[in-house]
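Take a look at the structure below.
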Amino acid sequence: MSTVSPSLPTPSATPKKRIVFLDVLRAYAIMMMLQGHFVDTMLDDKFRDSSNLVYWTWHFMRGMTAPIFFFVSGAIFVFLMLRDARPWYQNIRIQKGLRRVVLLLFLGYVLKWNFFYVFSFKFFPSFFFVDVFHIIGLAILTVIVVFIIYQKTRIPLPLMYLGLAFTAFLISPIVKTTDWSGLPIVLQNYLIKDHGSTFTLFPWIGYSLFGAVVGWHMHKRPNFYH
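Using the numbering used here, the letters of the sequence shown map in sequence onto residues 315 to 540.
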């Protein structure tokens, strides 16, 4: 009577290499965000002296947190999006990205909603303040739209991302000094901070678009980043 040897487990696929460059950036940004908020909340005003090298260094390093978050969001999304070689309407990453845009915008507003008034539909001005979730969501949407234009026109993708990134920074002073009073407050908050927004589209979306350029380069030369 022949014996049948138990089937051996199928070896798992070799795990893909992580891009340490991005992991380090994200880890740094998370740590700086956490300690930055804690220290800023608890630090007495008498220690907020820009002539003090320790405080100046901490303040400068903390200032890199938001740009890094925006930059990495653009880089990672484009890197993953380009790994799917199918047309944009079949690209799984784009489908996930569009759902994430909706989720980020939804969370951006819900987190500012005073739930004691949720059933009476009373909205305080702070509900319309624009924060990091809103900008990252619109940045991902912009990256997707530019990619669709690229697939339809074949204009070099990194040039479009780079051109829009520089444009976001160049027009930022103009946007800040323009009178937007003709727009609803909900739209003004995406352009100026006068009504309480923490972040605005310009120049912050530019960091994500610069990240998109790096994401494209990572797709072309992944070993360089490994």
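Just so it is clear, CB atoms sit at the ideal spot from N, CA and C, and this is done for glycine as well.
Treat the numbers as computed from the prediction; the structure is a model and nothing was measured.
Answer yes or no: do V416 and L336 have a C-beta to C-beta separation smaller than 8 Å? Contact flag unset, no.
Quick check on R468: does DSSP put it in helix, strand or coil? DSSP places R468 in coil when its eight states are reduced to three.
According to DSSP, is M345 part of a helix, a strand, or is it coil? Residue state, collapsed to three classes: helix.
So what does DSSP say about P498, is it helix, strand or coil? Correct three-state label for P498: coil.
Taking the C-alpha atoms as reference points, what is the distance between Y369 and D363? Cα-Cα distance, rounded: 7 Å.
Under 8 Å by Cβ, that's how I've got F441 and Y423 pegged, so tell me the actual separation to the nearest angstrom. So it is a contact: roughly 6 Å between Cβ atoms.
So within the segment 345–382, which uninterrupted alpha helix (DSSP H) runs reach at least 4 residues, ignoring any that extend past its ends? Along the length of the segment 345–382, whole alpha helix (DSSP H) runs at least 4 residues long occupy 367–376, reported in chain order.
Distance between beta carbons of A526 and Y475, contact taken as under 8 Å: That pair is a contact at about 4 Å.
Nearest-angstrom Cα separation, counted from K466 out to Y403: Spanning the two alpha carbons is a distance of roughly 12 Å.
At what residues does the alpha helix (DSSP H) containing K410 begin and finish? Where K410 is concerned, the enclosing alpha helix (DSSP H) stretches over 406–424.
Looking at C-alpha atoms only, which residue of F374, M378, I333, D354 is the closest neighbour of Y521? Residue M378 is the option with its Cα nearest to Y521.
F513 and V446 closer than 8 Å at C-beta: Yes, Cβ-Cβ distance for F513 and V446 is below 8 Å.
Could one say the Cβ of F391 lies closer than 8 Å to chain C's Cβ atoms, at least one of them? Although the question refers to chain C, the structure presented lacks it and comprises just one protein chain.
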